[in-house]
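Single-structure report; data block below.
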Amino acid sequence: MTVLRPRPAPARPAPGASSALTRSQRLLGRDWRLAAVFIGPTLLLVTGLILFPIISSIFTSATERHGAETVFVGLDNYADLIDDAVFHKGVLNSFVFTAYAEIFKVTLGLIAALMLHHMRRGRAIVAGVILLPWVVPTVVTAFTWRSLFDPIFGSVNVLLTDSGIGPGLAAIGLVDSWPAEWLSDPALAMPAVILVNVWKGIPFFAVTFLAGLKAIDSGLYEAAMVDGASPWQRFVHITLPGLRNVMIVTVLLSSIWTFNNFDLIWLMTQGGPGDATAPYVMVAYSKAIQQLQLGAGAAVTLVMLPIIAILVMILVRMMRRSDLPGSGDMGRRRLTPAQRRALPWVIVVASVLVLVWASPHIVWKAALVLGVFVVLAAAVGRVVSALAARGNRLAARLVGGTGTGIALMGLLGFVLAPLYWMTVTAFKSDDQIVARTNDLWPTPWTTEQFTNLFTGKAFGTWYGNTILVSVASTVIALICAALAGYALARLKFRGSESFTVTILLTYVMPGALLFIPLYQMMSGIGLNDSLWSLVLAYPTFTLPFATWLLVGYFKSIPADLEEAALVDGCTRFGAFIRIVLPLAKPGLLAVALFTLTNAWNEFLFAFVFITKDNYKTLPVGMQSMIFGDVVPQGQLAAASLLISIPVVIMYAFGQRFLTEGLTAGAVKG
Numbered sequence: 023m024t025v026l027r028p029r030p031a032p033a034r035p036a037p038g039a040s041s042a043l044t045r046s047q048r049l050l051g052r053d054w055r056l057a058a059v060f061i062g063p064t065l066l067l068v069t070g071l072i073l074f075p076i077i078s079s080i081f082t083s084a085t086e087r088h089g090a091e092t093v094f095v096g097l098d099n100y101a102d103l104i105d106d107a108v109f110h111k112g113v114l115n116s117f118v119f120t121a122y123a124e125i126f127k128v129t130l131g132l133i134a135a136l137m138l139h140h141m142r143r144g145r146a147i148v149a150g151v152i153l154l155p156w157v158v159p160t161v162v163t164a165f166t167w168r169s170l171f172d173p174i175f176g177s178v179n180v181l182l183t184d185s186g187i188g189p190g191l192a193a194i195g196l197v198d199s200w201p202a203e204w205l206s207d208p209a210l211a212m213p214a215v216i217l218v219n220v221w222k223g224i225p226f227f228a229v230t231f232l233a234g235l236k237a238i239d240s241g242l243y244e245a246a247m248v249d250g251a252s253p254w255q256r257f258v259h260i261t262l263p264g265l266r267n268v269m270i271v272t273v274l275l276s277s278i279w280t281f282n283n284f285d286l287i288w289l290m291t292q293g294g295p296g297d298a299t300a301p302y303v304m305v306a307y308s309k310a311i312q313q314l315q316l317g318a319g320a321a322v323t324l325v326m327l328p329i330i331a332i333l334v335m336i337l338v339r340m341m342r343r344s345d346l347p348g349s350g351d352m353g354r355r356r357l358t359p360a361q362r363r364a365l366p367w368v369i370v371v372a373s374v375l376v377l378v379w380a381s382p383h384i385v386w387k388a389a390l391v392l393g394v395f396v397v398l399a400a401a402v403g404r405v406v407s408a409l410a411a412r413g414n415r416l417a418a419r420l421v422g423g424t425g426t427g428i429a430l431m432g433l434l435g436f437v438l439a440p441l442y443w444m445t446v447t448a449f450k451s452d453d454q455i456v457a458r459t460n461d462l463w464p465t466p467w468t469t470e471q472f473t474n475l476f477t478g479k480a481f482g483t484w485y486g487n488t489i490l491v492s493v494a495s496t497v498i499a500l501i502c503a504a505l506a507g508y509a510l511a512r513l514k515f516r517g518s519e520s521f522t523v524t525i526l527l528t529y530v531m532p533g534a535l536l537f538i539p540l541y542q543m544m545s546g547i548g549l550n551d552s553l554w555s556l557v558l559a560y561p562t563f564t565l566p567f568a569t570w571l572l573v574g575y576f577k578s579i580p581a582d583l584e585e586a587a588l589v590d591g592c593t594r595f596g597a598f599i600r601i602v603l604p605l606a607k608p609g610l611l612a613v614a615l616f617t618l619t620n621a622w623n624e625f626l627f628a629f630v631f632i633t634k635d636n637y638k639t640l641p642v643g644m645q646s647m648i649f650g651d652v653v654p655q656g657q658l659a660a661a662s663l664l665i666s667i668p669v670v671i672m673y674a675f676g677q678r679f680l681t682e683g684l685t686a687g688a689v690k691g
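Under my numbering, the first residue of the sequence shown is numbered 23, with each subsequent residue one higher.
Written out as structure tokens, the structure is:
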């Protein structure tokens, strides 16, 4: 049993006590020396692997390669983009891909969150199932859906034909002809990759919105019900305003990720057919890596920097708003009530007009599909509201429960169907896959694909490389983030606020801005085609988030515990090791889980930096298994299953211990 001694009251400093601080402490802060030690590793990595490469990319964009020489050309690379039709198409594709994906993810994610929020039983299980598409690696998502969309070996066309839905889609004009060529038809390829991005993104939106719904005061709903407000009125006047900040942050963060997406589109279509799905990042990759014009590629990424910077600055402001007293109303004071009501509609109308101009062949189809979901949800809500108003609460609960059950079954079917297809395909024989017999069930079950996967291939080597790189980069990120996060949360030094903002900025900085200068840097120091290049590069997208997350977690630990240890003679570093880190285990576990899975799933850097087969990681190695039009469906399914299982286990393991750590009450005020 631990006996806690009462801590003596701190002595009040005398009027001249400030003279005890040295001149450097008064100038740089009381703890600046210790802060320099704690922040040094993170500052070195952020400066050397994020800030310096971006600055280097600016200089690279002003050069051009002429044979073996690189010459300075000023702004010529940027001027060339004005008349570059491929670049224009890439920017347009990125905007269309992002806009439609975000609209559907917000709508379907909100519907899913509302259903989960009102569930009384099994919410944790259903939420865990819905989270699976977000957890599985992108390479698995791409190859699974690519297999499903295959006009010869896939099951999408077969199921839609047998159910009569496919011919119906052709009859109303959603597809031009049936059976559909999903990924080879220029009119369908973009909607297909948008659908896959929505499938992968719904869990992130649903879980985030669910957390926001839990934070809304239930008393507001009770008061509204007493006043006779209908479910629709409660949704409009309580739910949506309560989710406002959560929705803005989630949409901005997802928009930055989606706008700079490379791996999903590359793995599914490689930008085709033609350039129908090629985003601007793929244009940059083509110029810099395939054509060896690093300057032109850097110009493509940097010309989009102002748009990304605007989104990033808005996001940073929203993410920091809750930390500033009274700042929650700052934005509201600048707008009148009428302007606040009109602003969302102005944004919606402007976005719709741009989409009509950019993608007239998609906009009406998307509106029709989205309208079906919204109308069905609104109709069920209206029927439930009408029955409740008439006092027939039993019928209202029955209709509401039935509607929710059907919607939930549809959502779970949408989520699980691709994963089921991947699993059963992994246990089919090559003969069954080619013959197209019993598409939905292996006959017989066989491990042939797994045997072939490890026979004469480097799959085992890729697996080992992935484990090595993921663990090494996670250890680096975890150590650096823990030190820097503690310094920003506890130590007093000049520049802490600026460094926190820098961490937030680098956290949302897309990899599309970094892969060209980092490729150039790794080539310069001879680390290309080396696992060390990935170990050094991966913290660029894991370390900032890990630091930011731990800053908030360390702030939640009462400072009194450390002060008591200091009074007992413990050093600051000793208090950090013995007191803070044990209490921060849930936060450290969350950081380790995040960094490990992101390193496990990463594709762009590994694809650019590694060309030798013996140094490839799993995502890049799986992509290299495809030779032209020869796609080993069974082996890719088996590989997808093997790469997904560790990630799913890690999340299941991590969630369990996170819950234990948070509910154990390690920190009690």
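From the three backbone atoms N, C-alpha and C, an ideal C-beta is built for every residue, glycine too.
Under 7 Å between C-beta atoms of residue i and residue j
| i | j | result |
| --- | --- | --- |
| Met-224 | Gly-131 | Residue identity differs from the one stated: residue 224 is Ile in this sequence, not Met. Yes, they are a contact pair. |
| Trp-200 | Ala-192 | yes |
| Ile-216 | Tyr-122 | yes |
| Tyr-302 | Gly-486 | no |
| Thr-633 | Asp-582 | no |
| Trp-221 | Pro-155 | yes |
| Ala-439 | Ala-659 | no |
| Tyr-541 | Val-630 | yes |
| Ala-135 | Phe-231 | yes |
| Phe-171 | Val-178 | yes |
| Phe-627 | Ala-559 | yes |
| Pro-608 | Phe-625 | no |
| Gly-656 | Asp-452 | yes |
| Thr-166 | Met-444 | yes |
| Asp-53 | Lys-387 | no |
| Ala-621 | Tyr-575 | no |
| Pro-561 | Ala-499 | yes |
N-terminal and C-terminal residue of the alpha helix (DSSP H) that residue i is part of
| i | result |
| --- | --- |
| Val-108 | 107-139 |
| Phe-616 | 607-623 |
| Arg-48 | 45-50 |
| Met-544 | 537-546 |
| Met-247 | 240-248 |
| Trp-484 | 481-512 |
| Leu-421 | In the sequence on display, residue 421 carries Val and not Leu. That run of the alpha helix (DSSP H) goes 415-448. |
| Leu-191 | 187-193 |
| Gln-312 | It is not in any alpha helix (DSSP H) - Gln-312 carries neither H nor E in the DSSP assignment. |
| Trp-254 | 253-256 |
| Arg-266 | 266-281 |
| Glu-203 | Careful: Glu-203 lies outside any alpha helix (DSSP H) and carries neither H nor E. |
| His-259 | Neither: His-259 is in no alpha helix (DSSP H) and is coded neither H nor E. |
| Phe-472 | 470-476 |
| Tyr-560 | Segment: none, Tyr-560 is in no alpha helix (DSSP H) and carries neither H nor E. |
| Tyr-637 | No alpha helix (DSSP H) contains Tyr-637, which DSSP labels as neither H nor E. |
Alpha-carbon spacing of residue i relative to residue j, whole angstroms
| i | j | result |
| --- | --- | --- |
| Val-265 | Gly-234 | According to the sequence provided, residue 265 is Leu. The question's Val does not apply to it. If I take the Cα positions, the gap works out to 6 Å. |
| Ala-9 | His-259 | Because residue 9 is not part of the residues shown, which for the chain are 23 to 691, the question remains open. |
| Leu-684 | Met-672 | Low confidence applies here, because Leu-684 scores a pLDDT of 42, under 50, leaving its location unreliable; read the following figure in that light. About 18 Å. |
| Ser-520 | Pro-580 | 24 Å |
| Val-108 | Ser-381 | 16 Å |
| Thr-82 | Leu-526 | 25 Å |
| Ala-674 | Val-322 | 40 Å |
| Ser-662 | Val-397 | 37 Å |
| Ile-369 | Pro-464 | 50 Å |
| Asp-198 | Thr-459 | 28 Å |
| Met-543 | Ala-480 | 28 Å |
| Leu-375 | Phe-436 | 30 Å |
| Pro-75 | Thr-528 | 12 Å |
| Ile-329 | Asn-282 | 11 Å |
Per DSSP, cross-strand counterpart(s) of residue i
| i | result |
| --- | --- |
| Thr-64 | Answer is none; Thr-64 lacks a bridge partner. |
| Thr-85 | Phe-94 |
| Val-693 | Not covered by the structure: residue 693. The range shown for the chain is 23 to 691. |
Run of the beta strand (DSSP E) containing residue i, from where it starts to where it stops
| i | result |
| --- | --- |
| Thr-358 | Where Thr-358 is concerned, there is no enclosing beta strand (DSSP E), given that its DSSP letter is neither H nor E. |
| Phe-94 | 91-94 |
Contact test: residue i Cβ vs the ligand GTP heavy atom, cutoff 6 Å
| i | result |
| --- | --- |
| Leu-205 | No copy of the ligand GTP appears in this structure; indeed no ligand is present at all. |
| task | Would you be able to state if there are at least three C-beta pairs under 8 Å between the stretch 535-550 and the stretch 598-613? | result | no
Next item on the list: Check whether the stretch 573-593 touches the stretch 470-486, counting contact only when three or more Cβ pairs, one atom from each stretch, lie closer than 8 Å.
Entry: no
* Asked: Is the stretch 505-512 in contact with the stretch 560-572, if contact means three or more CB pairs nearer than 8 Å?
  -> Output reads yes: the stretch 560-572 touches the stretch 505-512.
(Q) Whether or not the stretch 306-318 and the stretch 70-85 are in contact is what I'm after, with contact meaning three or more pairs of Cβ atoms, one per stretch, closer than 8 Å; do they touch? (A) The stretch 70-85, when compared against the stretch 306-318, does touch it at the 8 Å Cβ threshold.
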